[in-house]
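In order, the protein sequences belong to chains A and B.
Those letters in the first sequence? Residues 1 to 292, per my numbering, in order.
Those letters in the second sequence? Residues 1001 to 1228, per my numbering, in order.
Cβ atoms here follow ideal geometry from the backbone N, Cα and C, with glycine treated the same way.
Taking it in order: structure first as structure tokens, then the write-up.
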Amino acid sequence: MWGRTLQFLPTKSLREGLLPWVIGVMLFLCTLSLTGTLAIGKGLESWSAGLTSNFSVQIVEKNAHERALQTDRALRLLHATPGIASATVLAEAEILALLSPWLGDLPINNDLPIPTLIDVTLTEGARVNTDALAERLRTTAAGAQLDDHQAWMAQILDLAGVVQLLLAGVMVMVVLSTVAIVIFGCRAGLATHQESIEIMHLMGAEDKLISKAFDARYLAHGLKGGLLGVLLAAGVLWLLADLAVKMGQGLISASMPEPSSLLWLALLPLFAALLTMLTARITVRKALLEMM
Amino acid sequence: MISFENVGMRYGMGGEILTDISFALERRSFHFLVGASGAGKTTLLKLLYLAHRPSRGLVNFFGKDLATLERGALPRIRRRIGVVFQDFRLFEHLTAFENVALPLRLQGAKKAQVADHVEELLSWVGLDDRMHARPATLSGGEKQRVAIARAIINKPDLLVADEPTGNVDAEMSKRLMHLFVSLNKEGTTTVVATHDESLVRSVGAPVLRLEKGHIELQPGGTPVDPGY
């Protein structure tokens, strides 16, 4: 891949001075998009794992006595169902707290027919046929409604999928833009060094040897830009992770990647360097073929 | 060794700059190439140092027909040709030593071998104290000698020089011509393009005279300068 290199180009060229910075910005955006895609995946995974390990049962019945009877029957059924670790009736105060965003602060023992809410937790790794259980609950307690969050979770998963696709699209566009920028930079470099290349050709230099001089140069540009972009992105991610920790447990903090899982970021500068070098190599070889 | 037969050259859709050029350069020969500005000297030189292919005609380099040569075979032939440009075309960021070393390094010569040859040659052209100077600090004559040293470091079979005395004074011009004649005597086929008719008379070598794209070979005479 490397072979003999003869560096005949000057080490500094003003036209290429900005290239590492542009590559750096591109890689910064690429890293954030990639991390965003992975974070959404991880967040949904841990979040949906939490949701599939529990569900709730509401007993909707106006008559308080009847509601209490149905609640007892539902609890007995739930406790007897294999795979269910616990089934706990939420205290009225907790239910009122959940309703307060819509109904405001209500006193306990008000006259409103508030449904009973049973929080059900599954045994780890257990699977329960929620459709069959819902049917059995309705038979046992007519006002029982099982909510396993599937309906709105499907919508959230769809939305997350679209966001992930968008981020992947951004990533692809950033990579393609980087390639285009390198091609433009490389053509400008070729124009700048046209005379040197011509002299090298006339001295008997092969295309391969000439393009290797550009390989080394653009490999360095890509590596510098890559390091710059990844360091910037790592700094931003660290700040976000810190903020998420301060915000406490939730979707954001659950989505933040572990520091150890960000080690792959170290590979991105190498990826940027190789991408830049290969783009330059192809551009230079094509341009050289047009010369005699 | 090198022959041109009915060669024509035009750039793009323009008219022919060179028309029906035919001549042969025998091994160890020395020729001047003369002609007024616009006669096609530069174009003929470019064909001679393989910067262009002709639009028509047969060109043969070292027994190989240029028309049938693939692009990949050109570097090997170019390494047998040394070129001295009127404007030197040295790499400004490299020292005299590094400029002269390039052709040897291109051929993969070992570092010690490169150092020996380059130092020896730069001494021969009188630049032993300027080896590590960059072109910007060299005089016109010194740059031209570096350019000549670069052209001959790998002992080319053909040396093509474009107005090598165009940017130097009379004394340096004479010294450079002595250099070319010595190289030719050592076996290098030489073509020197010049405007300077007195230089041609002083050496007395055959002349390829270009006029409006046509060439005429004039035999050499007795050197005016007996030093040649």
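Requested in this report: Drop a sphere of 10 angstroms on the beta-carbon of residue 1049/B, count the other beta-carbons inside from all chains shown, and report buried for 16 or more, exposed for fewer.
Outcome: Start at 1 with the first residue of the second sequence, and residue 1049/B comes out as number 49. Under this definition residue 1049/B is a buried residue.
Query raised in the report: Among the residues of its own chain, which have a CB less than 7 Å from the CB of residue 77/A, if the five just before and after it don't count?
Result: By 1-based counting over the first sequence, the position of residue 77/A is 77. A distance below 7 Å between beta-carbons, with the five flanking residues on each side excluded, links residue 77/A to the following residues of its chain, in chain order: 136, 137, 140.
Requested in this report: Could you tell me the distance, in whole angstroms, from the CA atom of residue 1/A to the CA atom of residue 1161/B?
Outcome: As a working note, residue 1/A is residue 1 in the first sequence. As a working note, residue 1161/B is residue 161 in the second sequence. With a pLDDT of only 44 at residue 1/A, under the threshold of 50, the placement of this residue in the model should not be trusted; the figure read from the coordinates follows. One alpha carbon belongs to residue 1/A, the other to residue 1161/B, and they sit about 37 Å apart.
Query raised in the report: Can you check whether the CB of residue 1138/B is closer than 8 Å to the CB of residue 1146/B?
Result: As a working note, residue 1146/B is residue 146 in the second sequence. As a working note, residue 1138/B is residue 138 in the second sequence. Yes, the pair counts as a contact, with Cβ atoms nearer than the cut-off.
Query raised in the report: So residue 1007/B is in the beta strand (DSSP E); what residue range does that whole segment cover?
Result: The sequence position of residue 1007/B within the second sequence is 7, counting from 1. That run of the beta strand (DSSP E) goes 1002-1010.
Report task. Please confirm if residue 290/A has its CB atom under 8 Å from at least one CB of chain B. Result -> Locating residue 290/A in the first sequence gives position 290, where the first residue counts as 1. Using a CB distance cut-off of 8 Å, residue 290/A does not count as an interface residue toward chain B.
Query raised in the report: Using 8 Å as the threshold, is the stretch 203-221 of chain A in touch with the stretch 1094-1111 of chain B, meaning 3 or more CB pairs across them?
Result: Counting C-beta pairs closer than 8 Å gives three or more between the stretch 203-221 of chain A and the stretch 1094-1111 of chain B, which meets the contact rule.
Report task. State yes or no: is the C-beta of residue 121/A within less than 8 Å of the C-beta of residue 85/A? Result -> As a first step, residue 121/A must be located in the first sequence, where it is residue number 121. As a first step, residue 85/A must be located in the first sequence, where it is residue number 85. Result yes, Cβ atoms of residue 121/A and residue 85/A sit closer than 8 Å.
Query - Chain-order list of residues whose beta-carbon lies under 8 Å from that of residue 33/A (same chain, five-residue window excluded) - result: In the first sequence, the residue the question calls residue 33/A occupies position 33. Taking residue 33/A as the centre and dropping the five residues before and after it, the same chain places the C-beta of 167, 168, 170, 171, 174 closer than 8 Å to its C-beta, in chain order.
Query raised in the report: Any beta-carbon of chain B closer than 8 Å to the one on residue 216/A?
Result: Counted from its first residue, the first sequence places residue 216/A at position 216. Among the residues facing chain B, residue 216/A is not included, as its CB has no counterpart in that chain under 8 Å away.
Query - Residues from the stretch 1104-1136 of chain B in contact with chain A, defined by Cβ distance under 8 Å - result: Here the close residues are 1105, 1106, 1107, 1108.
Query - Test: residue 1036/B CB closer than 8 Å to a CB of chain A - result: Locating residue 1036/B in the second sequence gives position 36, counting from the first residue. For residue 1036/B, not one C-beta of chain A is nearer than 8 Å to its own C-beta.
Query - For residue 161/A and residue 102/A, the rounded distance between their alpha carbons - result: Mapped onto the first sequence, residue 102/A falls at position 102. Mapped onto the first sequence, residue 161/A falls at position 161. Each residue's Cα considered, the two are about 30 Å apart.
Requested in this report: Taking C-beta pairs closer than 9 Å, name the residues in chain A that residue 1084/B reaches, listed in chain order.
Outcome: Along the second sequence, read from residue 1 onward, the residue named residue 1084/B stands at position 84. Neighbours of residue 1084/B on chain A: none; closest Cβ ~11 Å, over 9 Å.
**Report entry** Supposed contact pair residue 1074/B and residue 1067/B - C-beta distance, whole angstroms, cut 8 Å
**Finding:** As a working note, residue 1067/B is residue 67 in the second sequence. As a working note, residue 1074/B is residue 74 in the second sequence. Between residue 1074/B and residue 1067/B the Cβ distance is about 13 Å, and since that is not below 8 Å, they are no contact.
Query raised in the report: Nearest to residue 153/A by alpha carbon, out of 225/A, 47/A, 221/A?
Result: Along the first sequence, read from residue 1 onward, the residue named residue 153/A stands at position 153. Ranking the options by Cα distance to residue 153/A, first place goes to 47/A.
Query raised in the report: Count the other CB atoms within 10 Å of the CB of residue 129/A; is the residue buried (16 or more) or exposed (fewer)?
Result: If you number the first sequence from 1, residue 129/A lands on position 129. Classification for residue 129/A: exposed.
Query raised in the report: Thinking C-alpha only, which one of 1173/B, 1001/B, 1176/B is nearest residue 1063/B?
Result: Counted from its first residue, the second sequence places residue 1063/B at position 63. It is 1001/B.
Query raised in the report: From the beta carbon of residue 1164/B, is the nearest beta carbon of chain A less than 8 Å away?
Result: For the purposes of this step, residue 1164/B is taken as residue 164 along the second sequence, with counting starting at 1. Look at residue 1164/B: its C-beta is not under 8 Å from any C-beta on chain A.
Query raised in the report: Mind checking residue 1011/B: buried by the 16 CB within 10 Å criterion, or exposed?
Result: Here residue 1011/B refers to the residue found at position 11 when the second sequence is read from its first residue. Residue 1011/B comes out exposed.
Report task. Could you spell out where the beta strand (DSSP E) holding residue 1193/B opens and where it closes? Result -> Translated into the one-based positions of the second sequence, residue 1193/B becomes position 193. Note, residue 1193/B: beta strand (DSSP E), 1189-1193.
Requested in this report: Report yes if the CB atom of residue 197/A is closer than 8 Å to the CB atom of residue 183/A, and no otherwise.
Outcome: Residue 197/A sits at position 197 when you count from the first residue of the first sequence. Residue 183/A sits at position 183 when you count from the first residue of the first sequence. Cβ distance not < 8 Å, so residue 197/A and residue 183/A don't count as in contact.
Requested in this report: Specify the secondary structure class of residue 207/A as computed by DSSP and reduced to three states.
Outcome: As a first step, residue 207/A is located in the first sequence; it is residue number 207 there, counting from the start. In the structure shown, residue 207/A sits in a helix (DSSP, three-state: H, G or I).
Report task. Below 7 Å CB to CB, which residues in the same chain sit around residue 1196/B once its five sequence neighbours on both sides are set aside? Result -> By one-based count along the second sequence, residue 1196/B stands at place 196. Around residue 1196/B: 1165.
Query raised in the report: Mapping DSSP to helix, strand and coil, what is residue 1058/B?
Result: Taking the second sequence and counting its residues from 1, one reaches residue 1058/B at position 58. It is a strand residue.
Query raised in the report: Is any beta-carbon of chain B found at less than 8 Å from that of residue 199/A?
Result: By one-based count along the first sequence, residue 199/A stands at place 199. Cβ-Cβ to chain B under 8 Å: yes for residue 199/A.
Query raised in the report: So does the stretch 1016-1034 of chain B actually touch the stretch 210-227 of chain A, counting three or more Cβ pairs closer than 8 Å?
Result: The count of Cβ pairs closer than 8 Å, one atom from the stretch 1016-1034 of chain B and one from the stretch 210-227 of chain A, stays below three, leaving the stretches out of contact.
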